[in-house]
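Q:
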Amino acid sequence: MNKLRSTLLAAAGALLLLVAALFFVPKEDRLDLLYATSADAFDASAYDNLHQTLSANAYITRTALDGMSERKLRGYDAIYLDPGLQHTDVLRQALPKLTGYVRAGGHLFLENGFAADFPLDMLGASALSDIPDETSGTNFDYPAVDVHLQGMQQVFQLFADNFGAHGGFNALPGFLWGKGIVPTTAETVVKVNGVSAMTVNRFGEGSVLLAGTFLPNRYFITGFDLQSGYDAAQGFSQLAAEQEKNHPRRPGTTYFDFKNPLPLQPYFQFSFAAANYQLRNAYVSYVSKEKLGYSVTKVLGPYGRPAMAFQNHFEALPGFRDGSGIIWAELLKEYNEIPSYSLVRGSFEWNKWWENAIVHLNAGTAQQPKFIGEFANSFYSSGVKLASGSRPIKQAPYSAPNDLSSPMTDPYRMYPAFVDLDGDGTADLLAASADGFIYAYRNLGAKDDAYASQPLPEGLAAPDAFGPPEKLLQANGKPLSIGEFGTLAAADLNGDGRADLVLGNGAGELYVSLALGGAEAAAAASAPGKQNGFVKAVYAAPQRLMADGKPLAVTANAAPAIGDIDGDGTPDLLVGDSRGAVTLFRGVPGRPLDFERGIAIAQLSAPYAAPALADMNGDGKLELLVGSSDGDVMLFEQRNGSWLNQGPIAGETKNMLGSHALVGGHYSVPVVHDVNRDGKPDLVVGQIGFSDPVTVDDPNFPYAAGLKEFIDYTKTNKIPLYPHVYVHHYVSDEQEKAELALQRESFKKLGIPWVMPGTNQHTWRINNSDRLQTLRNEHEQDIWFNFGFRPSNNRIDPTYTPDYIWGMPFLLADGSLKNPMVVGAPAVRFAETVSKEGVIAVQGTEDIYRSYTALDMPIDYFEHIEYAAADPLRLKNELLPFVKYMDKLRTEYDYNFMTEPQMAQSYLTALTSKVKVSQSWGLYFLDKLKNLAGKGEHLTLTLTPQTGSVPAQAGDYRNALGVAIEPGKRYANHPLVVDSPVYTSRDAFQRETPAEGDKQMLYAGLTGPTKLSVSWRKEPFHIVRVNVPMTIDKQDKGWTIALNGEGMQQIKLYSPPDQPLAIEGDNLKIEENPERHTYTVTHYGDKTTIRVKPQ
5 MNKLRSTLLA AAGALLLLVA ALFFVPKEDR LDLLYATSAD AFDASAYDNL HQTLSANAYI
65 TRTALDGMSE RKLRGYDAIY LDPGLQHTDV LRQALPKLTG YVRAGGHLFL ENGFAADFPL
125 DMLGASALSD IPDETSGTNF DYPAVDVHLQ GMQQVFQLFA DNFGAHGGFN ALPGFLWGKG
185 IVPTTAETVV KVNGVSAMTV NRFGEGSVLL AGTFLPNRYF ITGFDLQSGY DAAQGFSQLA
245 AEQEKNHPRR PGTTYFDFKN PLPLQPYFQF SFAAANYQLR NAYVSYVSKE KLGYSVTKVL
305 GPYGRPAMAF QNHFEALPGF RDGSGIIWAE LLKEYNEIPS YSLVRGSFEW NKWWENAIVH
365 LNAGTAQQPK FIGEFANSFY SSGVKLASGS RPIKQAPYSA PNDLSSPMTD PYRMYPAFVD
425 LDGDGTADLL AASADGFIYA YRNLGAKDDA YASQPLPEGL AAPDAFGPPE KLLQANGKPL
485 SIGEFGTLAA ADLNGDGRAD LVLGNGAGEL YVSLALGGAE AAAAASAPGK QNGFVKAVYA
545 APQRLMADGK PLAVTANAAP AIGDIDGDGT PDLLVGDSRG AVTLFRGVPG RPLDFERGIA
605 IAQLSAPYAA PALADMNGDG KLELLVGSSD GDVMLFEQRN GSWLNQGPIA GETKNMLGSH
665 ALVGGHYSVP VVHDVNRDGK PDLVVGQIGF SDPVTVDDPN FPYAAGLKEF IDYTKTNKIP
725 LYPHVYVHHY VSDEQEKAEL ALQRESFKKL GIPWVMPGTN QHTWRINNSD RLQTLRNEHE
785 QDIWFNFGFR PSNNRIDPTY TPDYIWGMPF LLADGSLKNP MVVGAPAVRF AETVSKEGVI
845 AVQGTEDIYR SYTALDMPID YFEHIEYAAA DPLRLKNELL PFVKYMDKLR TEYDYNFMTE
905 PQMAQSYLTA LTSKVKVSQS WGLYFLDKLK NLAGKGEHLT LTLTPQTGSV PAQAGDYRNA
965 LGVAIEPGKR YANHPLVVDS PVYTSRDAFQ RETPAEGDKQ MLYAGLTGPT KLSVSWRKEP
1025 FHIVRVNVPM TIDKQDKGWT IALNGEGMQQ IKLYSPPDQP LAIEGDNLKI EENPERHTYT
1085 VTHYGDKTTI RVKPQ
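Residues in the sequence shown are numbered consecutively from 5, following the working numbering.
1) Just verifying my parser: in three-state terms, what is the DSSP assignment at E864?
2) When you compare only the Cα positions, how much space is there between M812 and P267?
3) Would you decide whether T188 is buried or exposed? Buried here means 16 or more other CB atoms lie within 10 Å of its CB.
4) Can you check whether the CB of I64 is closer than 8 Å to the CB of L54?
5) Grouping DSSP H, G and I as helix and E and B as strand, with all else coil, what is F352?
6) Taking the continuous beta strand (DSSP E) assigned at V688, which residues delimit it?
7) Report the start-end ranges of each alpha helix (DSSP H) in the region 881-925 that is 4 residues or longer and not cut off at the edges.
8) Whole angstroms are fine: how far does the CA of Q607 sit from the CA of E248?
9) For G88, which residues in the same chain have their Cβ closer than 7 Å to its Cβ, ignoring the five residues on either side in sequence?
10) Using three-state DSSP, classify E996 as helix, strand or coil.
11) For the putative contact between F113 and A68, defined by C-beta atoms under 8 Å, what is the C-beta separation to the nearest angstrom?
12) Around the C-beta of Y987, are 16 or more other C-beta atoms found within 10 angstroms, so that it is buried, or is it exposed?
13) Over what stretch of residues does the alpha helix (DSSP H) that includes Y871 continue unbroken?
14) Just grab the DSSP bridge partners of A606 for me.
15) Which whole-angstrom value describes the C-beta separation of D636 and L666, a residue pair presumed to lie in contact below a C-beta threshold of 8 Å?
16) As an exercise, report each continuous beta strand (DSSP E) stretch of at least 3 residues that is fully enclosed by the region 58-124, in chain order.
17) Quick one: Cα of H783 to Cα of N772, how far?
18) I need the boundaries of the beta strand (DSSP E) containing P4, first residue and last residue.
19) Hey, out of L1010, Q1004, K1041 and S1059, whose CA is closest to E1023's CA?
20) Apart from the five residues just before and just after L776, which ones in its own chain have a Cβ nearer than 7 Å to its Cβ?
21) Could you please give me the residues that DSSP links to A361 through a beta bridge?
22) Can you list, in chain order, the stretches of the alpha helix (DSSP H) that have 4 or more residues and sit fully within the region 914-990?
23) Entirely within the region 375-447 and at least 3 residues each: give me those beta strand (DSSP E) ranges in chain order.
24) Just list the beta strand (DSSP E) runs in the region 161-249, keeping only unbroken ones of 3 residues or longer that don't cross its boundaries, in chain order.
25) Please specify which runs of the beta strand (DSSP E), each continuous and at least 3 residues long, are wholly inside the region 751-819, giving them in chain order.
26) Could you please give the first and the last residue of the uninterrupted beta strand (DSSP E) stretch that includes S517?
27) Tell me the DSSP secondary structure of I1027 in three-state form.
28) Less than 8 Å between the beta carbons of Y808 and V826, yes or no?
29) So, does the region 247-265 touch the region 299-312, judging by three or more C-beta pairs under 8 Å?
30) Spatial neighbours of N621 within its chain, please: C-beta separation below 8 Å, excluding the five flanking residues on both sides.
31) Straight-line CA distance for V1028 to L38?
32) Contact defined as beta carbons within less than 8 Å: I believe L1057 pairs with L1065. What is the distance between those atoms, to the nearest angstrom?
33) Less than 8 Å between the CB atoms is what I'm expecting for V516 and Q547, so what's the real figure, rounded?
34) Excluding the 5 residues flanking F118 on each side, which residues of the same chain have their C-beta closer than 7 Å to its C-beta?
35) Assuming L497 contacts P564 under a Cβ cut-off of 8 Å, what Cβ separation, rounded to an integer in Å, is found between them?
36) Once the 5 residues before and after E996 are set aside, which same chain residues still bring their CB inside 7 Å of it?
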């Protein structure tokens, strides 16, 4: 008996120990996904979407399908088949395994190309059906669906509605809509033009999803490697053809229309990349709700609420002059917002063009000239700009504002010649101008500081420097001028040893102004009030040149050059004209200033020919160089009495449209002259050039005081300042590396920290030839995020539809990177809808922002503020509307407004962390017993953030991970709560009128292991949202909250109606909402602490 009792007691003890142990042995809730491939090759776009899924407890494995048994397949909750398996023997042999897998409860995702590979009963169909491409438009229908499918349907509908409302379908010519089905047992999620295009079939205990071709989409590149996801069969070639047909290169933009790449190549498109990612995330969430009864999704923002920021590029010179950066930051304080600034290296004035001259220094020999092209500080030009004093020469400004990529209609050009004007033995610079005058620049010789702002490659001597401009005077003391759009050439026409001037004008007329000598010149030079500055040469009043006994003229815009073409010792005259023709007027021997009838010798495809003659290869023969409105210099060689076009003179570097043609501006005027006196002829090109960029670290920066004040303000107010990088589509890897090093050095000179910064691209451009080159080079300079660039070959700038309707940040999938790099795009440009009599007159973009908030998508809003912030009217009309709108969105949907670097840190945390969802087996069985007792569904889980893999760039935001918890059908009517101090909830679909079955999303900040359970408790005091990492010291009489982020700290608190809050701290702005019982507290500057006491 005693033995039996001992045995029973031992058994009872063992049972108690077992039961107790159950409360210490964890049961993990996780999702295991298989990405099945045909071999080692796979589609990176779909895989990386799943690899970077926002599903917090999902894990992805990639492996070949043919190596998997059905038993191994059943170890996965869902399988996504790589498109490379379509129509393969590997897939055919695996069909029985996949069928058994789904029947046993697995979930299978099939892209549209698999439609014909699977049995109809597995798809839940009686037949496949082609989805028609309706000429009248694309119609989508969204039938009522199972609650677990609503997330995918919502993503599809929101994106299709946004895409269609903003012209997206016009940008998909030739799109292949693929196959739909005639459903039997399948549930239709989306219909396209009457055909079930996205369906889910319950097959056995599992499901098969057949997607359409619209989402996930393969018309464009959508992979997170910026290279994958594209399927040529989807129709992109038709878009390329239409682009070439409907948007040909505009005349006058041969080398400048960088926004219109031709031929158009496949490119990464942010809109579909984001929509694909969201759909695949929604699919993982669907699987989670099917398996676990809920889903846990990481939120791209701190503590469970999405991030919102401003992206302000600071590049325009007037912004420093006017203090725009400070004005803007102070304005934003009124709306509880903060800017994020990126600073350009070469600052400039927008849309301004000036006549100038560049020189391509000869890095070769006289017999084999070699020109480099773009130098470090060429910026929007090439070569070196000839300098007057310490700055590049600027003559007449262009007549109207004009952006960099648009054609220039009027032939403004600095028209240079080199003449010794003061008799010192060195050639001075003469230049005609569109204003009709001729300007003289004294040659000052080599000056160390003249070209200090234009660093040259090693081994090249700088050009001579020139003095300030002086109008060239006639002998009578009046300025020498023959009318607008003046041109000139200098040569001894009458054999007296002095350089005479041939002058042209816009009317096409040609004049000569003879250089005077002897008593006549001496009298003119000594006459009171008629001195010509440093110029000792004296020129007579212009007189018409004659050809064949008639006044010499061309159609319009006469552009002269002089040289002895036929070797008879008599100067000949070449004249370019507005039609792009070059006409030869041979000199008549023995009759100076008289020429024969003109003969056309060359014709350009571009107008406004400007010829020059020079021996370019040392063979003793003259070559013909011709500039034009295009800005290049064409080379003609004389063979057998004809002039043969050899194409543009080339440099080693590529220009902004990818050729080697030397181009620095429009309306090029070539002159060959040894400007650095190294014994080798250089190529000087007069032109109209874009702006006059000056580096921000230049000692002669024109608004140095404003720049310093701006930098000091950002430091004092903890506003981020990081590089705004300028490269164009075709700079070399070496050029990019050099530019980034120069920008880093400029920050050092200005005292701006460069500690793991982010960036965005000036003019949005990255390299076209190598899609990853620019981002890799930025990564090498410790730059780890870029939220502002136009992907390679894309023709549309960020913020514009349809290519940037949606955008989601992601980790650049590039195995060569040592550290992570987060990339993304700014949100679509905000525009208010305008209606007249109930009809939309102007389509705004509020619908897109409603989609952002419905899907908890972060918002990074870009705007230039340099000009508008300092202009009260522009500030009111251009800036305040979106400032107020972002404030409204932030308040209504509880976004976290923050700086862009902080936003990036919160992204990095979300993209590189996981959440362990677990409970003890004891609690699991206890919840099951409670369920059996008929007291509803019970749930007791612990959410533990797994942030060990979060990189250092995330800083303290690694501790600010937040999640969205969505109940499935099992818990739809059961309120989920967390014991986190930070949480909030909202309707899952943000419907104005909640539909039956709608459920509440719960958002929680995971400040540590967090308990999730079902509870009908009253809502206690808690934090709704907070935009910076924080710690809480909980005391009996309240909380002390340390807000551990700089710039702007904002926290929103909730307290029950019977517990008003007393909030204390330094320099706090406290806004109470009595109706919602919330308190929003804002502080600017350094980290701070607040004390909160419920009353």
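For every residue, glycine included, the Cβ atom is placed at its ideal position computed from N, Cα and C.
A: Checking against the coordinates, here is how it stands:
1) Here residue 864 refers to the residue found at position 860 when the sequence shown is read from its first residue. The identity of residue 864 in the sequence shown is Asp, whereas the question assumes Glu. In the structure shown, D864 sits in a strand (DSSP, three-state: E or B).
2) The residue labelled residue 812 in the question sits at position 808 within the sequence shown. The residue labelled residue 267 in the question sits at position 263 within the sequence shown. Cα to Cα, the separation comes out at about 28 Å.
3) Here residue 188 corresponds to residue number 184 of the sequence shown, with the count starting at 1. Burial call: exposed.
4) Sequence index remark: in the sequence shown, residue 54 carries index 50 (1-based). Sequence index remark: in the sequence shown, residue 64 carries index 60 (1-based). Result yes, Cβ atoms of L54 and I64 sit closer than 8 Å.
5) Translated into positions along the sequence shown, residue 352 becomes position 348. Three-state result, F352: strand.
6) Counting from 1 along the sequence shown, the entry for residue 688 is found at position 684. Where V688 is concerned, the enclosing beta strand (DSSP E) stretches over D686 to F694.
7) 884-897 and 904-916
8) Sequence index remark: in the sequence shown, residue 248 carries index 244 (1-based). Sequence index remark: in the sequence shown, residue 607 carries index 603 (1-based). For E248 and Q607, the distance between alpha carbons rounds to 25 Å.
9) Within the sequence shown, numbered from 1, the residue matching residue 88 stands at position 84. The answer, listed in chain order, is T41, S42, A45, F46 and D47.
10) Within the sequence shown, the letter at position 992 stands for residue 996. The pLDDT assigned to E996 is 49, lower than 50, so where the model puts this residue is not dependable; a value taken from the coordinates is nonetheless given after this. Coil at E996, not helix or strand.
11) One-based indexing of the sequence shown puts residue 113 at position 109. One-based indexing of the sequence shown puts residue 68 at position 64. With 8 Å as the limit, F113 and A68 do not qualify as a contact, their Cβ atoms being about 17 Å apart.
12) Within the sequence shown, numbered from 1, the residue matching residue 987 stands at position 983. Buried is the call here.
13) Start at 1 with the first residue of the sequence shown, and residue 871 comes out as number 867. Run containing Y871: none; DSSP gives neither H nor E here.
14) Reading the sequence shown from its first residue, position 602 is the one you call residue 606. Answer by DSSP bridge pairing, in chain order: V586.
15) To locate residue 636, count along the sequence shown from 1; it is residue 632. To locate residue 666, count along the sequence shown from 1; it is residue 662. Between D636 and L666 the beta-carbon gap is near 7 Å, inside 8 Å, which marks them as a contact.
16) Entirely contained in the region 58-124, the beta strand (DSSP E) runs reaching 3 residues are, in chain order, 62-68, 82-85 and 111-114.
17) Reading the sequence shown from its first residue, position 779 is the one you call residue 783. Reading the sequence shown from its first residue, position 768 is the one you call residue 772. Roughly 17 Å separates the two Cα atoms.
18) The requested residue 4 is not part of the displayed model; the chain covers only 5 to 1099.
19) Sequence index remark: in the sequence shown, residue 1023 carries index 1019 (1-based). Per the Cα distances, S1059.
20) Start at 1 with the first residue of the sequence shown, and residue 776 comes out as number 772. Excluding positions up to five away in sequence, the list reads L230 and D818.
21) What you label residue 361 is simply residue 357 of the sequence shown in a count that begins at 1. Answer is G690, bridged to A361.
22) 925-936
23) 419-423 and 432-436
24) Taking only runs of at least 3 residues, the beta strand (DSSP E) segments lying wholly in the region 161-249 are 183-187, 191-196, 199-207 and 210-214.
25) Taking only runs of at least 3 residues, the beta strand (DSSP E) segments lying wholly in the region 751-819 are 762-765.
26) What you label residue 517 is simply residue 513 of the sequence shown in a count that begins at 1. Counting along the chain, the beta strand (DSSP E) containing S517 begins and ends at L514 to S517.
27) Taking the first residue of the sequence shown as position 1, residue 1027 is located at position 1023. If DSSP states are grouped into helix, strand and coil, I1027 belongs with the strands.
28) The residue given as residue 808 occupies position 804 in the sequence shown. The residue given as residue 826 occupies position 822 in the sequence shown. It is not a contact, given that the beta carbons lie outside the stated cut-off.
29) no
30) Position 617 of the sequence shown, counted from the first residue, corresponds to residue 621. Excluding residues within five positions, the ones whose Cβ falls inside 8 Å are Q371, Q372, P373 and E627.
31) Locating residue 1028 in the sequence shown gives position 1024, where the first residue counts as 1. Locating residue 38 in the sequence shown gives position 34, where the first residue counts as 1. Using only the alpha carbons, I get a separation of about 37 Å.
32) In the sequence shown, counting from the first residue as 1, residue 1057 sits at position 1053. In the sequence shown, counting from the first residue as 1, residue 1065 sits at position 1061. Indeed, because the Cβ distance is near 6 Å, the residues count as touching under 8 Å.
33) In the sequence shown, residue 516 corresponds to position 512, counting from 1. In the sequence shown, residue 547 corresponds to position 543, counting from 1. Correct: roughly 6 Å between the Cβ atoms.
34) By one-based count along the sequence shown, residue 118 stands at place 114. Correct list, in chain order: L85 and Q90.
35) On the sequence shown, residue 497 is found 493 positions in, with the first residue counted as 1. On the sequence shown, residue 564 is found 560 positions in, with the first residue counted as 1. In fact, because the Cβ distance is near 11 Å, the residues do not count as touching under 8 Å.
36) For this step, residue 996 is matched to residue 992 along the sequence shown. Note that E996 has pLDDT 49, beneath the 50 cutoff, so the model's placement of it is unreliable and the number below is only indicative. If we look at E996 and ignore the five residues flanking it on each side, it has no Cβ neighbours.
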